[in-house]
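For what it's worth, the UniProt record's numbering labels the leading residue of the sequence shown as 1, then goes sequentially.
C-beta atoms are modelled at their ideal positions from N, C-alpha and C, and glycine is treated no differently.
Report on the structure given below.
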Amino acid sequence: MSVREHWINVRVNPEELGRIREKQKELGICNTGAYMRKMAMDGYCVNLDLSDVAQVSTLLRRCSNNLNQYAKRANESGSIYAEDIRDLQKRLGELWEMQKLILKRLSGIR
């Protein structure tokens, strides 16, 4: 990324500044420069609720931990329990369903 060496100064009145700050706060953007650049170049800013992504990440961690435990048990004992496999399959099924919902919602963003 190149260095930002050029300045653009814009004067606003108190009401305009208040409105800019309000919109910036609504979007959760703390950096005014980033907000102004995004608005000037694209005309909009998007605030995404990524709580579903966090939930999928949590489930992925759990599945990974379980898979590691199953692999360790299989290496130690030479066997694995069918119930463990069903549990892992269930969790992976949940992950796929959540992933489909997330992608469907994200595809609707314009």
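6 Å CB neighbourhood of Lys38 in its chain, flanking five on each side removed: What you label residue 38 is simply residue 38 of the sequence shown in a count that begins at 1. Here the set comprises Cys45.
Proximity to Ala40 [Cα-Cα], best of Ile80, Val10, Ala71 and Gln89: For the purposes of this step, residue 40 is identified with residue 40 of the sequence shown, where counting begins at 1. If we check each option's Cα against that of Ala40, Val10 comes out closest.
Euclidean distance between Cα positions of Leu95 and Val56: Counting from one through the sequence shown, the residue named residue 95 turns up at place 95. Counting from one through the sequence shown, the residue named residue 56 turns up at place 56. Rounded to the nearest angstrom, the two C-alpha atoms are 6 Å apart.
Per-residue DSSP class, three states only, for Arg19: Position 19 of the sequence shown, counted from the first residue, corresponds to residue 19. Residue state, collapsed to three classes: helix.
Separation of Arg62 from Asp87, as counted between CA atoms: Looking up residue 87 in the sequence shown gives position 87. Looking up residue 62 in the sequence shown gives position 62. Rounded to whole angstroms, the gap between the alpha carbons of Asp87 and Arg62 is 11 Å.
Assigned secondary structure, Ser2 (DSSP; H/G/I helix, E/B strand, else coil): Taking the sequence shown and counting its residues from 1, one reaches residue 2 at position 2. Residue state, collapsed to three classes: coil.
Distance CB(Glu22)-CB(Asn47) smaller than 9 Å: For the purposes of this step, residue 22 is taken as residue 22 along the sequence shown, with counting starting at 1. For the purposes of this step, residue 47 is taken as residue 47 along the sequence shown, with counting starting at 1. Their beta carbons are not under 9 Å apart, which means Glu22 does not touch Asn47 by this criterion.
Residue closest to Thr58, alpha-carbon to alpha-carbon, out of Met98, Ser107 and Glu5: If you number the sequence shown from 1, residue 58 lands on position 58. Sorting Met98, Ser107 and Glu5 by C-alpha distance to the C-alpha of Thr58 places Met98 at the top.
Neighbourhood of Gln89 by C-beta distance below 8 Å, restricted to the same chain and skipping five residues each side: By one-based count along the sequence shown, residue 89 stands at place 89. Nothing listed; no residue qualifies.
Whole-Å CB distance - Leu101 paired with Asp52, under 8 Å assumed: As a first step, residue 101 is located in the sequence shown; it is residue number 101 there, counting from the start. As a first step, residue 52 is located in the sequence shown; it is residue number 52 there, counting from the start. Yes, they are in contact, since the Cβ atoms of Leu101 and Asp52 sit about 7 Å apart, within 8 Å.
Three-way DSSP call (helix, strand, coil) for Ser107 in this model: As a working mapping, residue 107 is identified with position 107 in the sequence shown. Ser107: helix per DSSP, three-state reduction.
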